[in-house]
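Undergrad: The sequence shown maps to residues 2 to 176 in our numbering.
Where is the CB? At the ideal position from N, CA and C, for every residue including glycine.
Can you keep this structure in mind? I'll have questions shortly.
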Amino acid sequence: MFDLNKSFPYTEFDVAMPNNVYGKSKYAGERMIESLSTRYVIVRSSWVYGIGRDFVNTVLEAADSGDELRVPINQIACPTSASELAKVIKQFIDQDIYGVYHAVCKGSCSRYEFAQEVLRLTGKTANLVPVDSDHGMRPKYSVLDNMMLRLEGLEEPREWKAALADYINATGGTV
2 MFDLNKSFPY TEFDVAMPNN VYGKSKYAGE RMIESLSTRY VIVRSSWVYG
52 IGRDFVNTVL EAADSGDELR VPINQIACPT SASELAKVIK QFIDQDIYGV
102 YHAVCKGSCS RYEFAQEVLR LTGKTANLVP VDSDHGMRPK YSVLDNMMLR
152 LEGLEEPREW KAALADYINA TGGTV
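Take a look at the structure:
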């Protein structure tokens, strides 16, 4: 949703400059919410897993089936546990807080590194093929900074590897 040339995390104060239909529709949704009310919460997150069909499932299915999985090495973001995201949203509800917030697990990685960590934690192997993405639909770098959470004194989601380990342990690695 932001420009494609930045190489450090985006804050809630960065200007959105979507360059494709996907980003433009997300941004239009935000503008619509802002135009309808002064009491709203817009939560931006990335690579959310633990919600059903997601990237973690895709990696584990490839491991179980033996299929090759082509994974971008040049898409960088913050894998975020749905459980950690829910904790942040609960704070908005409990404390009656409004505005635009980023809510992502701390740290960042490539899709490829994310897939490798899923496999490491489950003890599974898969035929991961590192590829360069063409950036048609997804930006190369989309790391978000939870600046507004910190400014409001709200608890941030945990580090992505710790949250992923808890998720894998809770599901027994059979997501």
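Which one or two residues does DSSP pair with ILE77 in a beta bridge?
TA: Residue 77 sits at position 76 when you count from the first residue of the sequence shown. DSSP, once it has assigned bridges, lists SER111, TYR142 as partnering ILE77.
Undergrad: How would you label VAL60, buried or exposed, when you count the other beta carbons within 10 angstroms and need 16 or more for buried?
TA: Reading the sequence shown from its first residue, position 59 is the one you call residue 60. Burial call: buried.
Undergrad: Can you tell me where the alpha helix (DSSP H) holding ARG151 begins and where it ends?
TA: As a working mapping, residue 151 is identified with position 150 in the sequence shown. Residues 148-153.
Undergrad: Do you know whose CA, among GLU114, THR172, ARG151, lies nearest VAL89's CA?
TA: In the sequence shown, residue 89 corresponds to position 88, counting from 1. It is ARG151.
Undergrad: Which of helix, strand or coil does DSSP assign to ILE169?
TA: Taking the sequence shown and counting its residues from 1, the one referred to as residue 169 is at position 168. In the structure shown, ILE169 sits in a helix (DSSP, three-state: H, G or I).
Undergrad: In whole angstroms, give me the CA-to-CA distance for ALA83 and GLY154.
TA: Translated into the one-based positions of the sequence shown, residue 83 becomes position 82. Translated into the one-based positions of the sequence shown, residue 154 becomes position 153. Approximately 21 Å, taken between the alpha carbons.
Undergrad: Short check: CB of ALA63 to CB of ALA127, under 8 Å?
TA: The count along the sequence shown starts at 1 and reaches residue 63 at position 62. The count along the sequence shown starts at 1 and reaches residue 127 at position 126. In this structure, ALA127 lies closer than 8 Å to ALA63 by Cβ.
Undergrad: Who are the near neighbours of THR123 in its chain, counting only those whose CB is closer than 7 Å to its CB and skipping five residues on each side?
TA: Here the question's residue 123 lines up with position 122 in the sequence shown. So the qualifying residues of the chain are LEU61, ILE169, GLY174.
Undergrad: Measure the beta-carbon distance from ASP133 to ILE74 and round it to whole angstroms, keeping in mind my assumption that it falls under 8 Å.
TA: Looking up residue 133 in the sequence shown gives position 132. Looking up residue 74 in the sequence shown gives position 73. Contact holds; Cβ gap of about 7 Å.
Undergrad: Within a Cβ cutoff of 6 Å, which residues of the same chain sit near VAL72, ignoring the five residues on either side of it in sequence?
TA: Here residue 72 corresponds to residue number 71 of the sequence shown, with the count starting at 1. Within the same chain, VAL72 has close Cβ partners ARG112, TYR113, ALA116, LEU129.
Undergrad: Check each candidate in LYS25, ASN58, VAL144, ASP97 and name the one with the smallest Cα separation from THR12.
TA: Within the sequence shown, the letter at position 11 stands for residue 12. Minimum Cα distance to THR12 is reached at VAL144.
Undergrad: For VAL42 and GLY100, which I take to be in contact (beta-carbon distance under 8 Å), what is that distance rounded to the nearest angstrom?
TA: Working through the sequence shown from its first residue, we reach residue 42 at position 41. Working through the sequence shown from its first residue, we reach residue 100 at position 99. So it is a contact: roughly 7 Å between Cβ atoms.
Undergrad: Skipping 5 residues on each side, what residues in its chain have a beta carbon closer than 6 Å to that of GLU157?
TA: Translated into the one-based positions of the sequence shown, residue 157 becomes position 156. Cβ neighbours of GLU157 beyond the five flanking positions: ASN147, LEU150.
Undergrad: By the three-class DSSP mapping on this structure, what secondary structure does GLU85 have?
TA: In the sequence shown, residue 85 corresponds to position 84, counting from 1. Correct three-state label for GLU85: helix.
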